[in-house]
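See below for the structure under consideration.
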Amino acid sequence: METIWLYQFRLIVIGDSTVGKSCLIRRFTEGRFAQVSDPTVGVDFFSRLVEIEPGKRIKLQIWDTAGQERFRSITRAYYRNSVGGLLLFDITNRRSFQNVHNWLEEAQSHVQPHSIIFLLVGHKCDLEAQRQVTQQEAEKLAGAYGMRYVETSARDAINVEKAFVDLTKDIFELVRNGDIKIQDGWEGVKSGFVPNTVHSSEEVTKSSRQCYC
Amino acid sequence: MSEWAWFAVNSSMQVCTETFDNMSDSEASCAAAEGSEAALGKQNPSPAGTPDSSSPSTPDFSIDVALTRKARRRPETQPAAKVQDTPKEDEQPAKTSNQSTVSQGGWGYWGSWGKSILSTATATVATVGQGLTQVIEKAETSLGIPSPTELSAQVEEEEKQKVSSPVDGASTEPDKAVDESSAVGSAMGMLSSLSSVVQNTGKTVITGGLDALEFIGKKTMDVIAEGDPGFKKTKGLMRRNATLSQVLREAKEREELQSADKDSANSDKKVVAHYGMLFDEFQGLSHLEALEILSRESESKVKSVLLTLSGDELVQLRDELDQIKGSFSLVEFDDEEVDENKDEDGSEFERELKEAMEGLSVSATADKLSKACKSSSSLINELTKQHVETDVNEEDVKKHSVEEVHAAAIRSLAELTARSIELFHKLAEMILFSNGSTEASVLSQLTVVLCKEISLLSKKFTSCLTAAGSNEKGEVLNPLITGVFLEASNSASYIQDAFQLLMPILEISHIERRVQLTEQ
Chain A
1 METIWLYQFR
11 LIVIGDSTVG
21 KSCLIRRFTE
31 GRFAQVSDPT
41 VGVDFFSRLV
51 EIEPGKRIKL
61 QIWDTAGQER
71 FRSITRAYYR
81 NSVGGLLLFD
91 ITNRRSFQNV
101 HNWLEEAQSH
111 VQPHSIIFLL
121 VGHKCDLEAQ
131 RQVTQQEAEK
141 LAGAYGMRYV
151 ETSARDAINV
161 EKAFVDLTKD
171 IFELVRNGDI
181 KIQDGWEGVK
191 SGFVPNTVHS
201 SEEVTKSSRQ
211 CYC
Chain B
1 MSEWAWFAVN
11 SSMQVCTETF
21 DNMSDSEASC
31 AAAEGSEAAL
41 GKQNPSPAGT
51 PDSSSPSTPD
61 FSIDVALTRK
71 ARRRPETQPA
81 AKVQDTPKED
91 EQPAKTSNQS
101 TVSQGGWGYW
111 GSWGKSILST
121 ATATVATVGQ
131 GLTQVIEKAE
141 TSLGIPSPTE
151 LSAQVEEEEK
161 QKVSSPVDGA
171 STEPDKAVDE
181 SSAVGSAMGM
191 LSSLSSVVQN
201 TGKTVITGGL
211 DALEFIGKKT
221 MDVIAEGDPG
231 FKKTKGLMRR
241 NATLSQVLRE
251 AKEREELQSA
261 DKDSANSDKK
271 VVAHYGMLFD
281 EFQGLSHLEA
291 LEILSRESES
301 KVKSVLLTLS
311 GDELVQLRDE
321 LDQIKGSFSL
331 VEFDDEEVDE
341 NKDEDGSEFE
351 RELKEAMEGL
361 SVSATADKLS
371 KACKSSSSLI
381 NELTKQHVET
391 DVNEEDVKKH
401 SVEEVHAAAI
411 RSLAELTARS
421 IELFHKLAEM
431 ILFSNGSTEA
441 SVLSQLTVVL
451 CKEISLLSKK
461 FTSCLTAAGS
471 NEKGEVLNPL
481 ITGVFLEASN
491 SASYIQDAFQ
501 LLMPILEISH
511 IERRVQLTEQ
């Protein structure tokens, strides 16, 4: 059944405006590419299930933030409850790459006391001819911050799955090893429901009681 | 809490009428029941100024209205947060004792009855819950109570009669009304309007099983905790640690657990519509949570600004903020004129929405909402048409099962509510980053439009249900109808709570605008 998953991870997607955050998410969640899209206001939400190993599903709840500076004061409020993030820049826009550092700082300062596992995404890799950022320098930057790097294209559906699945797997490992713990009052990781598990005696009695109704 | 008391009163009535068929006898027995319930520790903070008696409006006996208005105050989120701090097993009894003590002499105050009955039910869900079930079912069979749909029509009639009836005060206070029920004339009419409410609420509780009862009970307790009428004034101030999304999330998680259970047990189970899960599917939970975040942040900003001010400046700002608060507490939703036949295709709603949204620049989100509404409308039209056709040619067209119609109704309600919350969230964001002033009155108007739509939708869907279930037994059909009304009333509550979350946002926006003006 579709609604059964092991965990729910909340991911936040950040980066300069027009780097293609919403398009990437749409491609991932809806499987299509929107030629035209309005700038995101504040934050929008998407979700999708990902199967990281056979039978092991994770629900991703994706917070798509506005890149525009004017929304910054609002989007700052949304970092805290995320376990992971995709930090996007546009490989045809050098400025968006230079801002990666600022984005990380911004995120780090607002996510306390938690932390976010980031993945650096060089987006619009279909536009090779207009490339302003080489893969090498992007990888170097990512390495300096301990992030993975992946180049994607929402239009040609390149690496879109990989970007989200890789990040999800990394987070899953951390959760499995206990490096990330589920905490009350924190929405980053939530436990899901597993079918065919042994129910506690309380639940069993509850359901048998229901029959008498 | 007046409506809750009202509902609860009705449950008491029902319990009593089960024991004694005679109305006047039942009063005495109710009083006796009250005594024993009161032993569990119940309290009425201000018997004199009960919200019921202070309410200037004529009580509306029609089912859906009662439900809508009742539930408006129901998911009181502030106490819900409290609940989470206490260990699960203890929460109900703990709450009970919190508000307990004064036991009632005689049966003067109906509201506290309701409290006793409800809290007992929730405190000992397993036993009392079942008892209540049997009682209600028995009462139904023994009294031959008509279906909720028949009732809604019947009740409207009665209401008209009542308005024209010369009994003073009877129409403004449920307790008095019952007191003087002989004077009202149609005692049976009275009884059925009373039981209609209980049937609605009671039945749902039963169908949903114990989990639902527990959940509803918890929410009920929260509202009941609000017994003090003075508290209402400060509600706006206190509610802002609100975690409405948490209440909803809990519901959703329970539903998920349930369907997971069912799934493993029986793979080809019937379509079951879970409001909470659907609400989440439409991203309602996320928008709600984001709105709560913004609301909380704004609230703390407002507080810190107030801390830096003193003297006249402080007094002046306080006054201005009080004005904003004022417009938030004034909102009363009355669906007196929600006409079922109106707005066939949802265009009326779109127009009203546009009107209400004038000057608020969130057209994209409003479009989504209009679309959701239109698709609900066309769905209803389709469902209705099918039934007309089936009458003519029963073998050709596969009739929609009542479960299908019910599922469609719950889905539509969940979608419309989620989109409404989304709209409020987007509004909050726009208000925060734009410097223009947004009038609270515009927002309250919007809230009214949305709640009306929810109410209208629930009426249309229940008509469909009635049509689809014409051959079904009452036990099958009634809980479904009840479910739709209940979720509609929940929807309206969520929308109104989301509206309340906008208050600190308007406040901080006002303060920021002020600062800019003085700087210029």
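The listed protein sequences correspond, in order, to chains A and B. Per UniProt numbering, the first sequence runs over residues 1 to 213. Per UniProt numbering, the second sequence runs over residues 1 to 520. For each residue, glycine too, the CB sits at the ideal point set by N, CA and C. It should be emphasised that the depicted structure is a prediction, and the values quoted were computed from it without experimental measurement.
- Collapsing the DSSP output to three states places B:E439 in coil.
- Counting along the chain, A:W103 sits inside the alpha helix (DSSP H) bounded by residues V100 to V111.
- Contact between the stretch 23 to 43 of chain A and the stretch 415 to 433 of chain B is established, with three or more Cβ pairs separated by less than 8 Å.
- Taking C-beta atoms as the reference points, B:L307 and B:L317 fail to come closer than 8 Å.
- If you look at B:L285, you'll find it in the alpha helix (DSSP H) that goes G284 to T308.
- Going by DSSP, A:G85 is part of the beta strand (DSSP E) stretching over G84 to D90.
- Scanning A:Y7, A:I14 and A:Q136 for the CA closest to the CA of A:L119 turns up A:I14.
- Boundaries for B:Q316: no beta strand (DSSP E) harbours it, while the alpha helix (DSSP H) harbouring it runs G311 to S329, taken from the DSSP string.
- In terms of beta-carbon proximity, B:L432 lines the interface with chain A, with at least one pair separated by less than 8 Å.
- Chain B places a beta carbon closer than 8 Å to that of A:V43, counting this residue as a contact.
- Per DSSP, reduced to three states, the secondary structure at B:T365 is helical.
- In the DSSP annotation of this structure, the continuous segment of the alpha helix (DSSP H) that includes B:S509 starts and ends at M503 to E519.
- For B:S286, the nearest CB of chain A lies under 8 Å from its own CB, placing it at the interface with that chain.
- The three-state secondary structure of A:G188, taken from DSSP, is coil.
- In this structure the stretch 9 to 24 of chain A touches the stretch 92 to 99 of chain A; the number of beta carbon pairs closer than 8 Å is three or more.
- Counting C-beta pairs closer than 8 Å gives three or more between the stretch 164 to 174 of chain A and the stretch 44 to 60 of chain A, which meets the contact rule.
- Residues of chain A whose Cβ lies closer than 9 Å to the Cβ of B:L480 do not exist; the shortest such Cβ separation is about 16 Å.
- Cβ proximity to chain A below 9 Å picks out A290, I293, L294, R296 and E297 from the stretch 290 to 302 of chain B.
- Note that the stretch 285 to 301 of chain B touches the stretch 65 to 79 of chain A; at least 3 beta-carbon pairs, one per stretch, sit closer than 8 Å.
- Residue nearest to A:A163 within the set A:A34, A:K140, A:I25 and A:V36 is A:I25 (criterion: CA-CA distance).
- Counting only unbroken stretches of 4 or more residues, the alpha helix (DSSP H) elements lying wholly within the stretch 120 to 163 of chain A are 135 to 144, in sequence order.
- The three-state reading of DSSP puts B:E472 in coil, since its state is none of H, G, I, E or B.
- A:I12 counts as buried, since at least 16 other C-beta atoms from the protein chains shown sit within 10 angstroms of its C-beta.
- Beta-carbon to beta-carbon, A:L87 and A:H123 are separated by about 10 Å, too far to satisfy the 8 Å threshold.
- B:E422 is the residue among B:E422, B:L383 and B:H510 whose C-alpha sits nearest the C-alpha of B:Y494.
- The contact set of B:K426 on chain A, defined by CB atoms closer than 8 Å, consists of V41 and G42 in chain order.
- In the three-state reduction of the DSSP assignment, A:T18 falls in the coil class.
- Interface residue (Cβ-Cβ distance to chain A less than 8 Å): B:E355 is not classified as such.
- Nearest C-alpha to A:E30 among A:G178, A:A154 and A:R10: A:A154.
- The residue from A:E106, A:F97, A:V165 and A:V111 with its alpha-carbon nearest to that of A:E139 is A:F97.
- Per DSSP, the continuous beta strand (DSSP E) segment holding A:D64 begins and ends at K56 to T65.
- Burial is judged here by how many other beta carbons sit within 10 angstroms of a residue's own beta carbon; B:Q283 has at least 16 and is buried.
- Between the stretch 414 to 421 of chain B and the stretch 368 to 378 of chain B, the count of Cβ pairs shorter than 8 Å is three or higher; the stretches touch.
- Between the C-alpha atoms of B:L443 and B:S300 there is a straight-line separation of about 22 Å.
- CA-CA distance, A:V133 to B:S412, rounds to 47 Å.
- In the DSSP assignment, A:L6 falls outside any alpha helix (DSSP H) and carries neither an H nor an E.
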